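The structure appears below as structure tokens.
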Amino acid sequence: MNEKEFSVYVDRLENAFSLVARKLAADLAKQEIGLTKPQFFVLNLLSKRGKCTVSELADEMFVKPSAITTMIDRLYKSGLVLRERDEEDRRVVYVQLSDEGMKALEKARSERRKIIERYLSHLEFEELKQFVYILEKIVQMN
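Be aware that the sequence shown starts at 8, since it is given in my numbering, and climbs by one per residue.
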């Protein structure tokens, strides 16, 4: 494959990724799960990491702590996360998933999975295996 052909496929892939992300976001919005995409991401991170600081969350999401603080405030007011100040350094605030947050996350994960299963059900089994293999190969790249 020459450079021009390669470039065409890169363009097609960029376009496809963008369209799939928008379609998934639109389908999730229709499900009225009550979470925005960034809120889902934060709750998902908290479920995997457990208690962590706002700065640690911001680092994981590649944003400034101030951007996360506003979202955490909303999630806290909704009862989806808990906040706890460090006893030794009161400036440090830990955030963790509440029971209500875990329920909301499980519901969102379930709805998201149904949508993804619906998309993938249109592939032949061999296509699905190859698709997953390729994505996993890309993820493993440094």
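Glycine is no exception: its CB is placed at the ideal position from the N, C-alpha and C atoms. None of these values were measured; they are calculated from a predicted model.
Cβ distance (whole Å) where residue i is taken to contact residue j below 8 Å
i, j, result
"L31", "I122", "6 Å"
"M78", "V49", "6 Å"
For residue i, the three-state DSSP class (helix, strand or coil)
i, result
"E143", "helix"
"L89", "strand"
"Q103", "strand"
"T43", "coil"
Alpha-carbon to alpha-carbon, residue j and residue i
i, j, result
"E94", "E118", "38 Å"
"L112", "F24", "24 Å"
"Y140", "V17", "18 Å"
"Q103", "S14", "43 Å"
"L89", "R120", "26 Å"
"L87", "E67", "19 Å"
"L64", "K55", "12 Å"
"P72", "R97", "17 Å"
"A115", "R125", "15 Å"
"Q38", "M8", "42 Å"
"S105", "R92", "16 Å"
"M109", "I40", "13 Å"
"L53", "F47", "10 Å"
"C59", "E10", "45 Å"
"R19", "L26", "10 Å"
8 Å Cβ shell around residue i - same chain, five flanking residues per side excluded
i, result
"K150", "Since the displayed the chain opens at 8 and closes at 149, residue 150 lies outside it and no answer follows."
"L135", "L127"
"Y101", "K58, C59, T60, R90, E91, R92, D93"
The ligand ATP heavy atom lying under 6 Å from the CB of residue i
i, result
"E94", "The model on display carries no ligand, and the ligand ATP is accordingly not part of it."
Assigned exposure category for residue i - 16 Cβ within 10 Å defines buried
i, result
"A28", "exposed"
"L142", "exposed"
"V61", "buried"
"M148", "exposed"
"L130", "exposed"
Beta-carbon contacts of residue i that lie in its chain and below 6 Å, excluding the five residues immediately before and after
i, result
"N51", "none"
is_contact[residue i, chain D] using C-beta, thresh 7 Å
i, result
"E118", "No chain D is part of this structure, which consists of one protein chain only."
Cβ shell of residue i (< 7 Å), same chain only, five flanking positions each side left out
i, result
"G57", "Q103"
"Q137", "none"
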